Each structure stands twice: as structure tokens, then as C-alpha cells.
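Below is one structure, written out as C-alpha cells, with a few remarks after it.
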Ligand SMILES: Cc1ncc(C[n+]2csc(CCOP(=O)(O)OP(=O)(O)O)c2C)c(N)n1
Ligand SMILES: [Mg+2]
């Protein structure tokens, strides 16, 4: 599979101006929040593993805008953006990153384990492939209860080598469940390039073998991501599971411990020319939907939100040690 | 020569690959990435992609393939990135590797080594902080080793490859940066070892708990209690002779286990002491284990959930009350 990036997304953005600006702002919210997280990691405020989504924001942004509030989301350890746009407040996410008790998981999960029942965000799962069977079950529950509710399951292309992927696809197709399998193909699983992990690198061909509708989407283009996710949602609710391959790229290291020995700087730089935020910004400007002043204004609003989230996290408290074993079982 | 635990592991791997053409290393990111914890760094260049073989995220598949390759005449070293992910190939380990020799009437051997990192202490939260050495030690047909020293980190792999049985080697990221002198002594995978001589209490530990036990013993010595520290080293089969000899001498024992208390390896050791040395004891045997909770992310809660030198000190003192 070629690692060469396609030309940058271009052409008219077919949305009303306010909608486009919301998409742009949401991508910025993820980007700025994570840039701050990287900084806080360096400062020792955030510990453990931290996997940044920088470069991939168009996928979660387009997808979350296509989902309904009542839809379920299951994600991975690279899930900060998904959680934020599914409706988990940024200050609760940031407090979780710090491990504070006001965090969305009471501080117990950290970066890889954001949860929010109210937002129907079923987690951050740090076992690769671990979320897929869960999504099948959530889909089964919605179907058996007669609810019009999609379950969107995000995972990396690396997870497609796991048995859990194959079992989950088969079950979802067999039982015609309202599940959207959203594969974020960023070409690498840690240091393993897709052609070293998949015998069939055309992921849609692979998924289609389960009798599931499967199509690729440009994951660097928020317009395409939104439209692809919307199509997937309608199809999954109408007649069973859909697989979407979002073709994307992570600009940063796999985690904060990765020396990135396995890919060329030139490849990363080339993909950066397709960066989802600056290309979308340019398109909106070209069609007169955005000025530089408006962009700076949006960015300032986002920076202010990030600043408030960090202040919230700093001020939040630690869970007392006496509560260590609370919630292991139902009270 | 002073080297780190990580370097000792790498040296053991390099020697194993150099010594026998049948040996190969397979696992996720062992090659191009440079090894998850940089243990296998450089080995791809030295031995090539056939023998330092990157595998996809298919733990059940490549562990099972390792078993098959062993049956087929090779000597695989399979790296499962961490014990947490070994739950995926658990079936292959327990239902195939462990029982094949016996169930085939002794016809098929599985000379296989599975390496994996284990343990908590780095704020990686519940799914990345398990200690399942004790679970594996429940299973007949496999051997379980837990290097806690530089010599063991270096030498246990070779001993495991020579053993002829499936051997699981547990490596401790908590110890990767520790440095020490590498001796030229050959190590076995049959015996526990006394790491510190003492007379008044025995502290039994393994893996990353060994340095904690030694730290506790230092502190106890300063307070006038001379404790002996036994490093189990081999978690299956257990070398109870060494443990019992120590307990008979000191008449008191504390078992340290990074795993959860219920159904743990520490429970097994206590039971065997009861069975074989009950009348030699001056106090009930005590334990310091992981609290029965998934490991939380914040440092203070993680520390509270794990065995610590202070808890070991308190447990030893408790034997004298
Ligand atoms: C079962 C399992 N095996 C291995 C790992 C270690 N690991 C964490 S992320 C990762 C790569 C996953 O790649 P991919 O699914 O493509 O997602 P990406 O990180 O690229 O978003 C690996 C090997 C894990 N967390 N779980
Ligand atoms: Mg990937």
C-alpha cells in the first residue's frame, strides 16, 4: 500500500457557513487541547501513556457531527478527540488526564480511559481490538430494545489483524446490527507499517468479505469524513453494519515514548501538507466563508476553553486513598 | 562489567540468536520499531528480518505459531509485548503449549520460550498494569521464571531455551533501568536464591518485589531486625526447599506478591509452609499483596494499591507483636 499522500483536500465546501465554522472549531478544539496535553506531559502533570490524535482530527470531527446525541461511541486509547466531540466536557477530560477526581472517570483511567455515561461514550480501551465486541453488544441491545441508536466503533487498522475484529464483523453482519465500524487507517500500528501487518492491504475488500458494506473515505478531509459517516449511519440503522476506512495519518509519535525509527521524516512532512485544519481553513477562505480575523477569533475562543480546562484540572482534587476500592463491586 | 537489566536481557537474546540457528525472535514491534522497551534494539540489523520477525497485532496467532514452530523443529522466542495482552493467546498457552507433551503420551515436545513484560508502577492504569505470573504458575506443563537481577535477566533466557519445556519469562519494566555487575556464573531455572542473609524473619519475593524486599530488609536491619530475603526466581515449579530452609531458620515469614491476594502465588506459598513447616513457626505467616482493585492511574492510588517497602516493614514487625 502506498504511503504517499494524495493531493491536499480541495474544492468547494458544500455546507452552510455556520456549520463549516463549527467543524473547523471542533477540529481546533481537539488540536489545541492535545497540544496542551503534550506540553503538560513534558511538565509532568500528565503521566503514563499519552497517544495524540494530531493530524487525524477530521475523522472524529466529521464522524461526530454525523452522529446523533443518543448514539453510542466506543473508541481506543487515542480517543481524546472522540470523547470531546461526543460531548464529554473539556474540563472533565483535562481533569482525567491529571488523574483528578473531577475527571470523567474519577481520575482512575487517565488518557486512555475516558468514559462518560451521559454522553454515551463507552470508553477509551487500551487493549487493541478490545472495543469491537463491546460495540457489537451495544448494537445488539439497541436492536433488541427497538431503539433507533447507532453504535459507532473506532479502531486503528492495526486492530484488523486481531481475532476480535473478525469475530465482531461476522457477528454484526450475521445479526444485522446497527453498528458502524470506523477504521482509522493511519498506516502504522506503533512501528509496524500496514503492509507488514495485513496480507490484504485493501481494508474494504477484507471487511466486505463478511457481507458488510465497506467504503473508503479521505480521512484528512472533514467534508468527506462527515459525508461518509452520515452515509454509514443511515445504512447501518436501515439494514445492518457498515465498515468505513478513513485514510488518515498521525503527525506525532505513537506515544510519548516512541523514537519513530520506522518512518521517514519526508513522509510525515508530505502528509502534513494534507493537514485537516489548514486545508479546510484555506478552502473556507477561498469561498469567502472565513476571514483571517474570524479564524483568529475562533482560535482564541478555543484557547480560552483550553485555558479554563487546565485551570479546572489544576484546581481539582485527588481521590482519597480510602476510596481506593470503591466501585470494584456494586454497593 | 556493569550493565542495566535491559542490556542484560538484550545480551541474553543476542547470545541465544548467535548460538543456535534454530532460535528466532517473533513479536510485535521487535524489529523495526526497535522493541517496545528497546530490549531487542539492534537485533534486526544483526540477525535480519527472518530471525527477528515483526508480527502484526495477532497475539493468539503468533503465539500459536510459535508452538507450531517448536513442534516443527525450531526454537522460537515469542515476545508478547506485555502480560496484559497475553490474555489473548492464553488459550494457546494453556490449552496447547502446556498440555501437548502429556496428552500426546510424551511424543511431542514444545521447546518454546515466551517472554513478556509484567507489573505495575508506571501509572499506566488498569489494563496495562496486571501481574498474572501467579495465574500462569497455576498451570502444569509450563515453567515460569521471573528474573529480578542482572545475572538472571541475562542468563535465564538461555537456560529456558535449553530446558525443552515451554517456559514463560517475565520481565520487569520497573527494573529495566537498574544497573549492576554481570557475573560469569551460569544461572539455572530450578532454584530460589537467598539474596540477603538474615536470622529473624524471612521475606519471600519475586520479580520487581525483590528490590522492595531488600529495601525493607535494610530498614529493618537499622531497627534491629535482621531479615533474610529469598528471591523465588522460578515460580513454577516452586523451589520450596530453599524457602522452607529459610523459614525453619528464622521461624517467621512474610510473602510479597505483586499479584492480587486472593488465589495468588503467595497463597500457595503460605499453604505449603503450613503443610510442611507449621511447627517451626513462631508467628502466623503474613502477606503483602496488591490490593484487590484494578490499578488506578493516579500515582498516590497506584502506590497505595501495590506492595511497598514500608508495608513489608510493617508486616515483618507485625510478626513480633
Ligand atoms: C492486544 C494488544 N496488543 C498490543 C498492544 C500494544 N499496542 C498499543 S497501540 C498499538 C498499535 C495499534 O495500532 P492501530 O490499531 O493501527 O491504532 P493506532 O495506534 O495507529 O491509532 C499496539 C501494538 C495493545 N495495547 N493491545
Ligand atoms: Mg494505525
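Protein chains in written order, with this note's numbering: chain A, 1 to 331; chain B, 1001 to 1321. For every residue, glycine included, the Cβ atom is placed at its ideal position computed from N, Cα and C. Model, not experiment: these values are computed from the prediction.
Closest Cβ-Cβ distance between residue i and chain A: below 8 Å?
{"i": "residue 1299 of chain B", "result": "yes"}
{"i": "residue 1305 of chain B", "result": "yes"}
{"i": "residue 1066 of chain B", "result": "no"}
{"i": "residue 1130 of chain B", "result": "no"}
{"i": "residue 1043 of chain B", "result": "no"}
{"i": "residue 1292 of chain B", "result": "yes"}
{"i": "residue 1257 of chain B", "result": "no"}
{"i": "residue 1053 of chain B", "result": "no"}
{"i": "residue 1032 of chain B", "result": "yes"}
{"i": "residue 1115 of chain B", "result": "no"}
{"i": "residue 1125 of chain B", "result": "yes"}
Thinking C-beta only, is residue j closer than 8 Å to residue i?
{"i": "residue 1080 of chain B", "j": "residue 1089 of chain B", "result": "yes"}
{"i": "residue 98 of chain A", "j": "residue 32 of chain A", "result": "no"}
{"i": "residue 1051 of chain B", "j": "residue 1025 of chain B", "result": "yes"}
{"i": "residue 950 of chain B", "j": "residue 1056 of chain B", "result": "Absent from the model: residue 950 of chain B. The displayed extent of chain B is 1001 to 1321, so no value can be given."}
{"i": "residue 1027 of chain B", "j": "residue 1078 of chain B", "result": "yes"}
{"i": "residue 244 of chain A", "j": "residue 229 of chain A", "result": "yes"}
{"i": "residue 129 of chain A", "j": "residue 159 of chain A", "result": "yes"}
{"i": "residue 1302 of chain B", "j": "residue 1294 of chain B", "result": "no"}
{"i": "residue 1264 of chain B", "j": "residue 1202 of chain B", "result": "no"}
{"i": "residue 1060 of chain B", "j": "residue 1092 of chain B", "result": "yes"}
{"i": "residue 1115 of chain B", "j": "residue 1109 of chain B", "result": "no"}
Which residue from the options puts its Cα closest to that of residue i?
{"i": "residue 142 of chain A", "options": "A:12, A:60, A:94, A:237", "result": "A:237"}
{"i": "residue 262 of chain A", "options": "B:1202, B:1288, B:1033, B:1234", "result": "B:1033"}
{"i": "residue 185 of chain A", "options": "A:225, A:178, A:176, A:209", "result": "A:225"}
{"i": "residue 169 of chain A", "options": "A:212, A:81, A:107", "result": "A:212"}
{"i": "residue 1206 of chain B", "options": "B:1199, B:1195, B:1200", "result": "B:1195"}
{"i": "residue 1267 of chain B", "options": "B:1045, B:1279, B:1127, B:1137", "result": "B:1137"}
{"i": "residue 1010 of chain B", "options": "B:1151, B:1098, B:1091, B:1072", "result": "B:1151"}
{"i": "residue 328 of chain A", "options": "B:1118, B:1235, B:1126, B:1236", "result": "B:1126"}
{"i": "residue 148 of chain A", "options": "A:134, A:306, A:70", "result": "A:70"}
{"i": "residue 1311 of chain B", "options": "B:1161, B:1116, B:1292, B:1286", "result": "B:1286"}
{"i": "residue 239 of chain A", "options": "A:205, A:283, A:180, A:41", "result": "A:180"}
{"i": "residue 161 of chain A", "options": "A:177, A:120, A:144, A:203", "result": "A:203"}
{"i": "residue 1162 of chain B", "options": "B:1315, B:1318, B:1016, B:1309", "result": "B:1016"}
{"i": "residue 5 of chain A", "options": "A:267, A:315, A:182, A:36", "result": "A:267"}
Could one say the Cβ of residue i lies closer than 8 Å to chain B's Cβ atoms, at least one of them?
{"i": "residue 318 of chain A", "result": "yes"}
{"i": "residue 197 of chain A", "result": "yes"}
{"i": "residue 325 of chain A", "result": "yes"}
{"i": "residue 216 of chain A", "result": "no"}
{"i": "residue 262 of chain A", "result": "yes"}
{"i": "residue 190 of chain A", "result": "yes"}
{"i": "residue 123 of chain A", "result": "no"}
{"i": "residue 310 of chain A", "result": "no"}
{"i": "residue 313 of chain A", "result": "no"}
{"i": "residue 321 of chain A", "result": "yes"}
{"i": "residue 162 of chain A", "result": "yes"}
{"i": "residue 70 of chain A", "result": "no"}
{"i": "residue 9 of chain A", "result": "no"}
{"i": "residue 49 of chain A", "result": "yes"}
{"i": "residue 92 of chain A", "result": "no"}
{"i": "residue 113 of chain A", "result": "yes"}
{"i": "residue 30 of chain A", "result": "no"}
{"i": "residue 75 of chain A", "result": "no"}
Grab me the residues of residue i's own chain with a C-beta within less than 6 Å of its C-beta, minus the 5 sequence neighbours each way, in chain order.
{"i": "residue 1003 of chain B", "result": "1182"}
{"i": "residue 1035 of chain B", "result": "1041"}
{"i": "residue 1111 of chain B", "result": "1070, 1075, 1164"}
{"i": "residue 55 of chain A", "result": "249, 250, 251"}
{"i": "residue 138 of chain A", "result": "72, 151"}
{"i": "residue 1066 of chain B", "result": "1076, 1078, 1112"}
Quick one: residues in its chain with C-beta nearer than 8 Å to the C-beta of residue i, no 5 flanking neighbours on either side, listed in chain order?
{"i": "residue 298 of chain A", "result": "21, 24, 25, 28"}
{"i": "residue 1193 of chain B", "result": "1230, 1231, 1233, 1242"}
{"i": "residue 281 of chain A", "result": "24, 290, 295"}
{"i": "residue 1218 of chain B", "result": "none"}
{"i": "residue 1013 of chain B", "result": "1025, 1039, 1040, 1043, 1077, 1157"}
{"i": "residue 93 of chain A", "result": "33, 80, 83, 84, 103, 104, 114, 309"}
{"i": "residue 1250 of chain B", "result": "1198, 1199, 1200, 1201, 1202, 1227, 1228"}
Pull up the CB-CB distance for residue i and residue j, whole angstroms please, since I reckon it's below 8 Å.
{"i": "residue 1228 of chain B", "j": "residue 1198 of chain B", "result": "3 Å"}
{"i": "residue 50 of chain A", "j": "residue 190 of chain A", "result": "Not quite, the Cβ-Cβ distance comes to about 14 Å (not below 8 Å), so this is no contact."}
With a threshold of 7 Å on Cβ separation, who are the neighbours of residue i within its own chain once the five nearest residues in sequence on each side are excluded?
{"i": "residue 8 of chain A", "result": "273, 274, 279"}
{"i": "residue 175 of chain A", "result": "140"}
{"i": "residue 106 of chain A", "result": "319"}
Counting only beta-carbon separations shorter than 8 Å, does residue i have a partner in chain E?
{"i": "residue 109 of chain A", "result": "Within the model displayed, chain E is absent; protein chains A and B are what it includes."}
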